[in-house]
Each structure stands twice: as structure tokens, then as C-alpha cells.
Amino acid sequence: MGVGLILALLAFAIPLITKTLIYNIEWSFSDSANFTDTIKAFYFYFNSVLFEELLFRGALLSLIIYFTSSRTAILISATAFGIYHWFSYGMFGNGLVPMAYIFLLTGGMGLIWAYMYSKTNSIVLPVVAHLGWNFQSALFLDYQPFGQLLFKSTINRELPELADFGIQAGGDILSILLMLGGFKYYQHKKRKPVINQLS
């Protein structure tokens, strides 16, 4: 469980710090922050994450693996997860660039969580990593339906639209790579004691 939280923390924090430096963002504690809203948000994201993980990893991924291969199942599950978020975010038909951006982030993360499930044969790690990601987003970002629960930001540096998109997309790719790299490192460290015992 702790591994999932650490992966979510690293994948979220490092790109956020990078963007803070690029945009010269000032962070301050939100005046409207309160314990009740934070608990409500956690409960909401826990339920939504559990639903999505049971549907896309627990059911869909397991079913497709049975008929095909893990690699094919992971790709199909991630694609379905990305497309699903076009509708859950109300982004379908809102332009190619916004839809591509949503698909990149949600499909990419769906790919990693599906990979985690296929390697651990458990839904626990994907649920914890997914929940950690969503809840952190609600604490810091303008993330619907809850957003900037604890912190608010002031951006002091404006960039051209194309550069802005590149930075946002680059941050998403970095998050995906950090979560994947962190999980593979965890797997490697976990296997090492077993190999040492056998040698």
C-alpha cells in the first residue's frame, strides 16, 4: 500500500515542482480550506477510483487477458480508460487538442495501472496509486468536482499557447514515466532477495 502512495507522490510532486519553477507559481493556503470538504473529496475519489479500477482493471483487463495476452489486454484496457474519460470529463467533441491531452494523461496512467495489476495480480496497488494521484490533484489543482482544497496558486509567468501545451503534456509524460520507473524499480528490489536466496 505504501508503495502505491510513494509512486503517486513522486509522479505528482516532481512535475508540479518543475511547473512551479517554469511558471514562477506562488502557492498559498486556501482560505476556504476545511476538514469537512477534504473528507468529502476523499470519500468521492475513493468511490470513483474503486469503481474505475474494478471496471477497467478488475473486470475488463482480466477478461481480455483470458482471451488474448497481457500486452494486448493492457493496451485495450488503457485505450478504453482514456476514451471513457472523454465522456466522464465532458470533453468529447470539445476539440482535437483537449481530447488528445485528456487521452494522453488518462490513457497513459491507465496503461501503468493495468501493468501494475498484471504484474501483481492484485487491484490494491493500482487503487492506492490511482487514489493518491486523484486526491493530490484535488488538493493542489483546479480539479473537478473538488479542486484546490488546501492550496491555491498564482501564476506569475505567462507563456505562448503552444509552449504551454508542450509543458503540460511534457509534465504528464514525466508523471507516467516516473510511476512506471518507480514500479519497475520496486519490482527489481523485491525480486533481488529471492534471487540471493536461490544463489
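When you number the sequence shown by the working numbering, it's gap-free, plus one each residue, and the end is 518.
Built from N, CA and C at the ideal position, the CB exists for glycine as well.
Model, not experiment: these values are computed from the prediction.
Taking residue i as part of the alpha helix (DSSP H), name the residues at either end of that continuous run.
{"i": "F422", "result": "L415 to T439"}
{"i": "R376", "result": "No alpha helix (DSSP H) holds R376; DSSP gives it neither H nor E."}
{"i": "L355", "result": "Correcting the residue type first, residue 355 is Thr in the shown sequence and not Leu. Run containing T355: F354 to E371, per the alpha helix (DSSP H) assignment."}
{"i": "T387", "result": "It is not in any alpha helix (DSSP H) - T387 carries neither H nor E in the DSSP assignment."}
{"i": "G466", "result": "Per DSSP, G466 belongs to no alpha helix (DSSP H) and is neither H nor E."}
{"i": "G451", "result": "V443 to F459"}
Checking 8 Å against the spacing of the C-beta atoms, do residue i and residue j come in under that value?
{"i": "L520", "j": "A360", "result": "Outside the displayed range of the chain (320 to 518) lies residue 520, so it cannot be described from this structure."}
{"i": "S351", "j": "F470", "result": "no"}
{"i": "A332", "j": "W452", "result": "no"}
{"i": "A306", "j": "L423", "result": "The structure shown does not extend to residue 306, since the chain is modelled only from 320 to 518, so the question has no answer here."}
{"i": "P334", "j": "G429", "result": "no"}
{"i": "I495", "j": "G427", "result": "yes"}
{"i": "I431", "j": "L373", "result": "no"}
{"i": "F484", "j": "Y364", "result": "no"}
{"i": "I336", "j": "S472", "result": "no"}
{"i": "Y505", "j": "V322", "result": "yes"}
Would you please state the rounded distance, in angstroms, between the beta carbons of residue i and residue j? I believe it to be under 8 Å.
{"i": "V446", "j": "V368", "result": "6 Å"}
{"i": "I421", "j": "H404", "result": "6 Å"}
{"i": "I341", "j": "I486", "result": "6 Å"}
{"i": "F370", "j": "A399", "result": "About 14 Å; that fails the 8 Å criterion."}
{"i": "T425", "j": "G401", "result": "5 Å"}
{"i": "D356", "j": "F465", "result": "7 Å"}
Tell me, which residues are paired with residue i by DSSP?
{"i": "S472", "result": "W346"}
Touch test, the stretch 392 to 407 against the stretch 472 to 489, Cβ-Cβ under 8 Å, three pairs minimum: Counting Cβ pairs under 8 Å, fewer than three are found: no touch.
The stretch 375 to 388 in contact with the stretch 430 to 438 per 3-pair CB rule at 8 Å: Result yes; three or more Cβ-Cβ pairs closer than 8 Å.
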